[in-house]
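Residues in the sequence shown are numbered consecutively from 25, following this note's numbering.
Even glycine gets a Cβ: it sits at the ideal position worked out from N, Cα and C.
Here's the structure we're looking at; comments come further down.
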Amino acid sequence: METEESRNPVATTAVRATGTTTSLRDYIALTKPRHVLPSTLTTWVGMALAAPGPLPARLVAATLAGTALAIAGAHVYNAILDRDLDGLMDRTRHRPLPSGRVAVWQAAVWGTVLSAASLAIMLLLVNGLAALLTVAGIFLYVVVYTFWLKRRSPWNTLAGGFSGGAPPLIGWAAASGSLSWAAGVLFGIMVVWQPLHFFALSLKVADDYRRAGFPMVVVVHGEQATLNQIVVYSLILAILAPLFTPLGVTGTAYLVVALALSGIYVAAAVRAAREGPARAKFWGTWLLRYAFIDLTLLLVTAVLNRTV
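This is the structure we're talking about:
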C-alpha cells in the first residue's frame, strides 16, 4: 500500500527534521567550505602574480578573508534558491535546507551577514576595484547563474565559469589596484576551467541532474555532446594557459609545464570523445580528477616561475 512517505520521501525527511536544533555545522555546511578554500586560494594566486613586490600582511589577510566570506555568502544564497531541486538528488538531499535542519529565513540572514562582512572588508581594508569585482562575482553566481540560467539553459555552466573567474581578479586588483592583459588571461583560464570540470562531473551524476530537471548539456543533448564540449574547452584552455610567458609574467619553466599539461588534457578529451557514451562515466571520473590536477599544477608553477 502506497503511503505519503513512499510518495514523497524527501518531504517526509524534511518534516522529520523540522524542529531540530540547527547546529553550527549546518551553517558551515551551507557555505560549502570544500569549495570556499580552493576558490580563495586562486585569489592568492592573483595577488602573487600581480604584486610588484612584497605585500603587507594586513592587505593579504583582508583580501583573502573578504573573498572567502563573499564566496561563502554566495553559496548560501545558492543553497536557498536550489533547495527544492537539491531535495530531489541523492547527493544533495541531506543538505541542511532540503532536509529541514535550517529554515530559509535563517539561511537568508546568514548569507546576508557573510556578504555584508565581505563588502565591508573590501571597501575599508582593500580597495574599491576589489570591492566592485566582489559584488560582480556574487551577482554573477547568485543572480545570473543560480536564479536565471541554472534551471533554464545548458549555458548555465559557462555563466558559472564567469563567477568562478572573479576570485583571482579580486586578488589581482587588491595587489595592483588595476587589471591587465595578464589578469585577463588568468580570468580566462578560470572561466574555461569551470565548465571543464562541471562537464566531467555531469557525466558522473547525469541521473541526478535528470531527476532534478537541471538542463545541463548532458541532460539536454546527451553524453556525446558533453564529451565534445570537453574537447572544445580543453583546446581553448590549451591556447590560454601558455600565454603568461609571452606576456612576461612567467618564465620558460612555466611554459613547458603549461604545454605538457594542456597536451595531456586535450589528448584525454579527444580519446574520451572517440570512445563515446559507453565509457562516459569512466572518463567523467578521470577527467574530473585531472581537471583539479591540471589547475593546481598550472597555478603553482605560475607563482613559482613568476618573472615580474
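Quick one: residues in its chain with C-beta nearer than 7 Å to the C-beta of K56, no 5 flanking neighbours on either side, listed in chain order? Mapped onto the sequence shown, residue 56 falls at position 32. Short of 7 Å from the beta carbon of K56, and not among the five residues preceding or following it, lie these beta carbons of its own chain, in chain order: H99.
Using a 10 Å radius around the Cβ and a threshold of 16 neighbouring Cβ atoms, would you call T325 buried or exposed? Against the sequence shown, residue 325 aligns to sequence position 301. With 16 or more other Cβ atoms within 10 Å, it is buried.
Applying the criterion that 16 or more other CB atoms from any shown protein chain within 10 Å of the CB defines a buried residue, is F211 buried or exposed? Against the sequence shown, residue 211 aligns to sequence position 187. Buried: at least 16 other Cβ atoms inside 10 Å.
Identify the continuous alpha helix (DSSP H) that holds G353 and give its terminal residues. Coverage of the chain is limited to positions 25 through 332, which leaves residue 353 absent and any answer about it impossible.
4-residue-minimum alpha helix (DSSP H) runs that sit fully inside the segment 223 to 287, ordered along the chain: 230 to 236, 241 to 244, 247 to 264
Please state the DSSP three-state secondary structure of T325. Start at 1 with the first residue of the sequence shown, and residue 325 comes out as number 301. Note: T325 maps to helix in three-state DSSP.
Is the beta carbon of A198 less than 8 Å from the beta carbon of N151? Within the sequence shown, numbered from 1, the residue matching residue 198 stands at position 174. Within the sequence shown, numbered from 1, the residue matching residue 151 stands at position 127. For A198 and N151, yes; Cβs fall inside 8 Å.
Can you list, in chain order, the residues of its chain with a C-beta nearer than 8 Å to that of V348? Leave out the 5 residues immediately preceding and following it. In the structure as shown, the chain starts at 25 and stops at 332, and residue 348 therefore has no counterpart that could be examined.
What is the C-beta distance between L54 and V126, in whole angstroms, given that I count them as a contact (C-beta under 8 Å)? Position 30 of the sequence shown, counted from the first residue, corresponds to residue 54. Position 102 of the sequence shown, counted from the first residue, corresponds to residue 126. About 7 Å separates the two Cβ atoms, so the contact holds.
What do you get for I104, buried or exposed, if any count of 16 or more other CB atoms within 10 angstroms of its CB means buried? Residue mapping note: residue 104 aligns to position 80 of the sequence shown, counting from 1. Buried, because 16 or more other Cβ atoms sit within 10 Å of the Cβ of I104.
Beta-carbon proximity of V241 to P178, cut-off 8 Å: For the purposes of this step, residue 241 is taken as the residue at position 217 of the sequence shown. For the purposes of this step, residue 178 is taken as the residue at position 154 of the sequence shown. Yes. Within cutoff.
Which of helix, strand or coil does DSSP assign to R295? As a first step, residue 295 must be located in the sequence shown, where it is residue number 271. Here R295 sits in helix by DSSP.
Are there 16 or more other CB atoms within 10 angstroms of the CB of P76, so buried, or fewer, so exposed? By 1-based counting over the sequence shown, the position of residue 76 is 52. With fewer than 16 other Cβ atoms inside 10 Å of its own Cβ, P76 counts as exposed.
How many Å lie between P219 and D318 at the Cα? By 1-based counting over the sequence shown, the position of residue 219 is 195. By 1-based counting over the sequence shown, the position of residue 318 is 294. Computed Cα separation, rounded: 14 Å.
Would you call the CB atoms of F223 and T181 closer than 8 Å? Translated into positions along the sequence shown, residue 223 becomes position 199. Translated into positions along the sequence shown, residue 181 becomes position 157. A contact, by the Cβ cut-off of 8 Å.
Could you check if V133 is buried or exposed, using at least 16 other CB atoms within 10 Å of its CB as the buried criterion? Here residue 133 refers to the residue found at position 109 when the sequence shown is read from its first residue. It counts as exposed.
Taking the runs of the alpha helix (DSSP H) that are 4 residues or longer, which of them lie wholly in the segment 99 to 143? 107 to 110
I need the DSSP call for R175, collapsed to helix, strand or coil. Counting from 1 along the sequence shown, the entry for residue 175 is found at position 151. Three-state result, R175: coil.
Would the beta-carbon of L227 fall within 8 Å of that of W307? By 1-based counting over the sequence shown, the position of residue 227 is 203. By 1-based counting over the sequence shown, the position of residue 307 is 283. The Cβ atoms of L227 and W307 lie closer than 8 Å to each other.
Nonlocal neighbours in the same chain, by C-beta distance under 6 Å from S63, ignoring five residues either side: By 1-based counting over the sequence shown, the position of residue 63 is 39. The answer, listed in chain order, is I95, P191.
State the Cα-Cα distance for the pair E299 and R235, rounded to the nearest angstrom. The sequence position of residue 299 within the sequence shown is 275, counting from 1. The sequence position of residue 235 within the sequence shown is 211, counting from 1. Distance between the alpha carbons of E299 and R235 is about 26 Å.
Since I believe V166 is in contact with N102 (beta carbons under 8 Å), could you give me their beta-carbon distance rounded to a whole number of angstroms? Reading the sequence shown from its first residue, position 78 is the one you call residue 102. Reading the sequence shown from its first residue, position 142 is the one you call residue 166. Rounded, the Cβ-Cβ distance is 6 Å, consistent with contact.
For R330, write down the residues that DSSP places opposite it in a beta bridge. As a first step, residue 330 is located in the sequence shown; it is residue number 306 there, counting from the start. According to DSSP, which records beta bridges pairwise, R330 is partnered with T274.
Tell me the DSSP secondary structure of S63 in three-state form. Taking the first residue of the sequence shown as position 1, residue 63 is located at position 39. Note: S63 maps to helix in three-state DSSP.
Let me know the secondary structure DSSP gives A75 once reduced to three states. Locating residue 75 in the sequence shown gives position 51, counting from the first residue. Of the three classes helix, strand and coil, the one that applies to A75 here is coil, per DSSP.
From the DSSP output, in three-state form, read off K56 for me. Indexing the sequence shown from 1 puts residue 56 at position 32. DSSP places K56 in coil when its eight states are reduced to three.
In chain order, what residues of the same chain have a beta carbon less than 8 Å from the beta carbon of R303, not counting five sequence neighbours either side? Residue 303 sits at position 279 when you count from the first residue of the sequence shown. Only A296 meet the Cβ criterion.
Taking only three categories from DSSP, how would you classify G188? As a position in the sequence shown, residue 188 is number 164, starting the count at 1. Three-state result, G188: helix.
Contact set for F316: own chain, Cβ-Cβ below 6 Å, skip 5 residues either direction: Residue 316 sits at position 292 when you count from the first residue of the sequence shown. Answer for F316: no residue qualifies.
Three-state class that DSSP yields for T46 in the structure shown: By 1-based counting over the sequence shown, the position of residue 46 is 22. Coil.
Apply the 10 Å Cβ neighbour rule to W217 and answer buried if 16 or more other Cβ atoms are within range, or exposed otherwise. Within the sequence shown, the letter at position 193 stands for residue 217. Buried, since its Cβ has 16 or more Cβ neighbours within 10 Å.
Drop a sphere of 10 angstroms on the beta-carbon of S202, count the other beta-carbons inside from all chains shown, and report buried for 16 or more, exposed for fewer. As a first step, residue 202 is located in the sequence shown; it is residue number 178 there, counting from the start. Counting Cβ neighbours within 10 Å, S202 comes out exposed, since fewer than 16 surround it.
Return helix, strand or coil for N151, following the three-state DSSP convention. One-based indexing of the sequence shown puts residue 151 at position 127. In the structure shown, N151 sits in coil (DSSP, three-state: anything other than H, G, I, E or B).
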